[in-house]
Every structure is written in C-alpha cells, then in structure tokens.
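The block underneath contains the structure these notes are about, expressed in structure tokens.
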Amino acid sequence: MSPTQIVVTVLVILVIAALAAVVVVAGRRRTLRQRFGPEYDHVVAEQDSRSAAERELRDRERRHAELQLVPLDPDSRARYAEAWEELQVRFVDSPAETLSQADELVTRLIAERGYPTGEFSDQIAHLSVEHARTLGHYRDAHEIQLRNAQGEASTEDLRQAVVHYRALFADLLGAEPVAARTPEQPDAAHDAPTR
C-alpha cells in the first residue's frame, strides 16, 4: 500500500468513526428528549452546556433506578382520590388552607409511592424520570405555595396552584382517577365549578 492509500484509509476510518459517534450522541439525545419531555429543555436551560444537562439527566435515571417504587393498591388509590375531591370542595371556604393541604397530600402520595420527600429539588430530580410531563405544574404550584407563605398570592393564584398540584397528583395516581374539575373561585356559585 502506498503512503497516499494509507492516509486515505486512515481518513476514511476517522470519518466513519466520527459519524458513528455523532449518530450515537444523537440517539442518546433523542432518547433523553423523549423520556424527559419538557424537563429536558428545562435542565438544558439551567446547565452550562447541553452535555452537562444530559449528564444530569442520565444521573437522574441512575438514582431513580435505585429507588424502591411501590404501585398503589386500589384501596389506597381510592382514599387518595376521595381526599382530593374533599380538598377541592373545601377550597371555596378556605383557599389558603386548602393549598397547604394539597401540598401535604401530594407529598404524602409521593412518599407512599417510594420517592424521597426531602428537598424540593431532589423531589423534582427523582420525579422527572417517570413524571417529567407534569413537573412544570409541580414547580408552578410550589412557587405559588412559597408566595402564599409570604402573603403574596391572590385567590386566583391559589386556585391555579391547586390545579397545578392536581396534575402531578393525577399523574402519580395514574389512570385519571381524580375528577377533572378545578376548585371553585370564592366569588363563583357553589354549584358552578370553574374549569
């Protein structure tokens, strides 16, 4: 083989290896995007680079695999669904208290399913692997809950927070066991729920 043929062969091998690497990276990226949905974009926006974000998401998958997640039995699911219905009814009379109860109920459900309930950021990381599509709702509800604790949330904000909590709650329960109505606004008629 001539030196020119050797150089061309090496270059062809390098190009093929580079193309294979690009295909592998693109496949991993596509898999992460499909699994994490909007959470993928959220993490990319938070991190210094796309590769750092993807490392974070793969780390979340690894930590999630170590969890001992438990499916809810039908009785437990029914109790949670009933508790949520009662919570929505109480919203009209005490929206701020209901928001706190919604947060507590979601936290209890998270814990019963086997997810850690320590720091909010850790909850988000663990939940993101299976419940990424509802994490935006959970973040929004948490933000309103924090504003409410400082006395800075309106009744409409509180209503929206309960709606946001409901999205994650229903996702954790599975199979849409919670009625799709939202809490009534205080100035609404008791028999006409706001949608």
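Residues 1147 to 1341, numbered by the working numbering, are exactly what the sequence shown covers, in order.
Each residue gets a CB set at the ideal place from its N, CA and C atoms; glycine is no exception.
Should Leu1292 be labelled buried (16 or more other beta-carbon atoms within 10 Å of its own) or exposed? On the sequence shown, residue 1292 is found 146 positions in, with the first residue counted as 1. Label assigned to Leu1292: exposed.
Can you find at least 3 beta carbon pairs, one from the segment 1216-1232 and one from the segment 1311-1320, that sit closer than 8 angstroms? yes
Apart from the five residues on each side of it in sequence, which residues of its chain come closer than 6 angstroms, Cβ to Cβ, to Thr1263? Position 117 of the sequence shown, counted from the start, is the residue given in the question as residue 1263. Only Thr1253, Ile1256 and Ala1257 meet the Cβ criterion.
Alpha helix (DSSP H) containing Pro1217: first to last residue? Taking the sequence shown and counting its residues from 1, one reaches residue 1217 at position 71. Premise fails: Pro1217 is in no alpha helix (DSSP H) and is neither H nor E.
Beta-carbon within less than 6 angstroms of Leu1213's beta-carbon, same chain only, minus the 5 sequence neighbours each way: which residues are those? In the sequence shown, counting from the first residue as 1, residue 1213 sits at position 67. Excluding sequence neighbours, Leu1213 sits near Gly1260.
Does the contact criterion of 3 or more C-beta pairs under 8 angstroms hold for the segment 1306-1314 versus the segment 1279-1292? yes
Looking at the unbroken alpha helix (DSSP H) that takes in Ala1163, where does it start and where does it end? Along the sequence shown, one-based indexing puts residue 1163 at 17. Where Ala1163 is concerned, the enclosing alpha helix (DSSP H) stretches over Pro1149 to Phe1182.
Note down, one range per segment and in chain order, each beta strand (DSSP E) of at least 3 residues found wholly within the segment 1225-1285. none
Alpha-carbon to alpha-carbon, Glu1200 and Ala1166: For the purposes of this step, residue 1166 is identified with residue 20 of the sequence shown, where counting begins at 1. For the purposes of this step, residue 1200 is identified with residue 54 of the sequence shown, where counting begins at 1. C-alpha separation (whole angstroms): 19 angstroms.
Would you identify the three-state DSSP class for Glu1212, choosing helix, strand or coil? As a position in the sequence shown, residue 1212 is number 66, starting the count at 1. In this structure, Glu1212 counts as coil in the three-state DSSP scheme.
Tell me where the alpha helix (DSSP H) around Gln1306 begins and ends. Position 160 of the sequence shown, counted from the start, is the residue given in the question as residue 1306. Here the alpha helix (DSSP H) through Gln1306 covers Thr1301 to Leu1319.
Buried or exposed: which applies to Leu1160, given that a residue is buried once 16 or more other Cβ atoms fall within 10 Å of its Cβ? Against the sequence shown, residue 1160 aligns to sequence position 14. With fewer than 16 other Cβ atoms within 10 Å, it is exposed.
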